[in-house]
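**Q** Under my numbering, the first residue of the sequence shown carries the number 282, and numbering increases by one thereafter.
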Amino acid sequence: VAEKKLVAADELQIGSVGRLLHYQVDWKQEEQRVLAGKVMLRGSACVQTVFFLEGQLRQQEYQIPFSQVVECEGLEPGDSVTADYQLLQSQVTLLEGDAPALSCSLTGSVTACATRRTRLPVLRDVYSTRFPTVCQCSQLDCPAWKAFEETIPVEDICQPQESAVSVMDCRVRARGFVDDRGCMGGIYSFRLLYCCAAGRLHCAEHTMRVVGQSVANAGQLTVRAGWQNVNAQADNGTIRIRFTAVLKGRGLVDQPCVQVNRCTLDGENRRSVPPAGTLVLRAVEEQETVWSIAKQYGSRTQQILAANNLEASSRLVPGQLMMIPFSG
């Protein structure tokens, strides 16, 4: 996981001047390339505006391109990468004059999460491929990243200053948090454009706090707040807001694994040879060298040295555990 700051700034030319009522910014990704140690992202910041011009509402969308390189340690081509964008700060100002324009200054962040799946056949219950063994094992808990997601239907009432007759537009912003119990939550800010009984347009702002019911027992938990199916309607002078809160989290969770503590050999019975391509775990015997082990298993000395982080000059000790790539 890696996080990088995003900055986009531009002056967007517009054809006519009106009253800028409000705006909303969304980050849209258009291209993604995964390289060794980094991921290259390209897209645009979409500025969605609502103007009041000549007695009518006009919606317009403008694009500000961006490109960003996020460095992720250990990233390799072929890894699966997902990018999550969040708006941190925005300022959009209408510049009037002979050439009216929108001055946009946007700051955000992108979090890149890389996943790699690895399969490796391992004989973890043997120290020797020549004799049967009996292993004593114990359970361990190893931390691993886990994703959490919770959807919550929400309904709330906004009381505007003027009695609302109809809702013209609704814009949403959200940020995630973790409460004291370990539950995921989100702060949702609504900006509502509505018409009153006198026919005038007004803007109302409404904020609500949404907290999930499930406790995510995870360390380093981070939460992103999203939404679906937003609906805002006038209801007896108030504005009734309905939507679905989507909370997505990611944290470290202990997961069980097995550790081999002790192994006993049955020296009277021989066992069959493992299939080619197996990674063998065995103990070094008296007077054995890396070369003699490689010859016995049809492997190469460089493969054995690399698998055990050894140098060519390293001396083997009887009883030392070694990983051996077995070729046949």
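Quick reminder that beta carbons are idealized off the backbone N, C-alpha and C, glycines included.
Quick one: what does DSSP say residue 595 is sitting in, helix, strand or coil?
**A** Residue 595 falls in the coil class under three-state DSSP.
**Q** Label residue 475 either buried or exposed according to how many other C-beta atoms from any shown protein chain fall within 10 Å of its C-beta, with 16 as the threshold for buried.
**A** Buried, because 16 or more other Cβ atoms sit within 10 Å of the Cβ of residue 475.
**Q** Determine the direct distance from the alpha carbon of residue 386 to that of residue 465, and round the result to whole angstroms.
**A** Roughly 30 Å between the two C-alpha positions.
**Q** If you draw a straight line from the C-alpha of residue 296 to the C-alpha of residue 457, how long is it?
**A** Taking the straight line from one Cα to the other gives about 37 Å.
**Q** What is the C-beta distance between residue 537 and residue 460, in whole angstroms, given that I count them as a contact (C-beta under 8 Å)?
**A** In fact, because the Cβ distance is near 28 Å, the residues do not count as touching under 8 Å.
**Q** Tell me the rounded alpha-carbon separation between residue 562 and residue 398.
**A** Going from the Cα of residue 562 to the Cα of residue 398 covers about 22 Å.
**Q** May I have a chain-ordered list of the beta strand (DSSP E) segments no shorter than 3 residues that lie completely inside the stretch 371-453?
**A** Complete beta strand (DSSP E) runs here, min 3: 382-396 and 414-439.
**Q** For residue 328, which of helix, strand or coil comes out of DSSP?
**A** In the structure shown, residue 328 sits in a strand (DSSP, three-state: E or B).
**Q** Would residue 348 and residue 540 qualify as a contact pair, given that the criterion is a beta-carbon distance under 7 Å?
**A** Not in contact: residue 348 and residue 540 (Cβ atoms no closer than 7 Å).
**Q** Just to confirm, are residue 426 and residue 366 a CB contact at a threshold of 7 Å?
**A** No; because the gap between Cβ atoms is not below 7 Å, this pair is not in contact.
**Q** Would you kindly check if the distance between the Cβ of residue 582 and the Cβ of residue 575 is under 7 Å?
**A** Yes. Within cutoff.
**Q** Quick one: grab the DSSP three-state call for residue 356.
**A** Note: residue 356 maps to coil in three-state DSSP.
**Q** Once you ignore the five residues that flank residue 428 on each side, which residues in its own chain have a CB closer than 6 Å to its CB?
**A** Hits under 6 Å: 531.
**Q** Is residue 515 helix, strand or coil by DSSP?
**A** Three-state result, residue 515: strand.
**Q** Can you name, in chain order, every residue of its own chain whose Cβ lies under 7 Å from the Cβ of residue 283, other than the five neighbours on each side?
**A** Excluding sequence neighbours, residue 283 sits near 351, 352, 353 and 393.
**Q** Can you give the beta carbon distance from residue 417 to residue 542, rounded, assuming they're within the 8 Å contact cut?
**A** With a Cβ gap of about 5 Å, residue 417 and residue 542 count as contacting.
**Q** For residue 316, I'd like the list of residues in its chain whose CB is within less than 8 Å of its CB, leaving aside the five on either flank, ordered along the chain.
**A** Correct list, in chain order: 356 and 358.
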